[in-house]
Amino acid sequence: MKLLLQNEEGAPRWIAVEDIRLIAPSPNGPAFTTSDGTVYRYAQTMEELDRMFGLYGFARLDRNVIANVEAAERYDPELRKVFYGQPRGAQDGEGEELYATVSGKNAPKVKHLTAREYGGVYEICGAA
Numbered sequence: 083m084k085l086l087l088q089n090e091e092g093a094p095r096w097i098a099v100e101d102i103r104l105i106a107p108s109p110n111g112p113a114f115t116t117s118d119g120t121v122y123r124y125a126q127t128m129e130e131l132d133r134m135f136g137l138y139g140f141a142r143l144d145r146n147v148i149a150n151v152e153a154a155e156r157y158d159p160e161l162r163k164v165f166y167g168q169p170r171g172a173q174d175g176e177g178e179e180l181y182a183t184v185s186g187k188n189a190p191k192v193k194h195l196t197a198r199e200y201g202g203v204y205e206i207c208g209a210a
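For the sequence shown, position 114 (counting from the first letter as 1) is numbered 196 according to our numbering, and the numbering increases by one without interruption.
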């Protein structure tokens, strides 16, 4: 198993759990020391998390949301939300769709997912 941690410069690194020798408290959160003496830590602020997970298709869409843009199914510009479809286990239209809010400033990040409804069917528009 690997953990996504930050090095001293704040850059994300995948670290094998087997390589961790010590976990100790620090003023900046837990410090993970590896076999070669390098110290890593968890991302703790939204800015750090955005930087780390941005490498994997995530983007900060609102003040309180970092969302997987690559997994989003559609964007509704009127509601300013990206949608991910029915939650697992939902059948026959039961349950609400999983969504993330999008600030006006961050709408261009998901504009390519804009959906229009035609007779109950959503069509993804190519406008970017």
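Cβ atoms here follow ideal geometry from the backbone N, Cα and C, with glycine treated the same way.
Quick caveat, the model's predicted, so the values are computed rather than measured.
By a C-beta neighbour count over all protein chains shown, 10 Å radius and 16 as the cutoff for buried, is residue i buried or exposed?
i      : result
MET134 : buried
PRO190 : exposed
GLN88  : buried
ALA182 : buried
LYS84  : exposed
ALA154 : buried
LYS187 : exposed
GLU91  : exposed
Can you tell which of the options has the C-alpha that lies nearest to the C-alpha of residue i?
i      : options                        : result
TYR166 : ARG103, GLN88, ILE97, VAL192   : VAL192
SER117 : VAL99, ASP132, GLY186, GLU130  : VAL99
GLN126 : PRO94, THR120, THR115, GLY119  : PRO94
GLU160 : GLY119, VAL184, GLU178, LEU180 : VAL184
PHE114 : LEU180, GLU179, LEU86, LYS163  : LEU86
Quick check: residue i and residue j, are their CB atoms within less than 7 Å of each other?
i      : j      : result
TYR157 : LEU195 : yes
TYR124 : ILE97  : no
Practice item. Would you check if the segment 141-161 and the segment 93-111 touch, i.e. whether three or more CB-CB distances between them fall below 8 Å? Key: No: the two stretches stay apart, fewer than three of their Cβ pairs being nearer than 8 Å.
Check your understanding: Are the segment 95-106 and the segment 138-146 touching by the rule of at least three beta carbon pairs closer than 8 Å?
Key -> These segments do not touch.
Check your understanding: If you scan the segment 124-179 from start to end, which runs of the alpha helix (DSSP H) of 4 or more residues do you find wholly inside it?
Key -> Runs of the alpha helix (DSSP H) inside the segment 124-179: 128-135.
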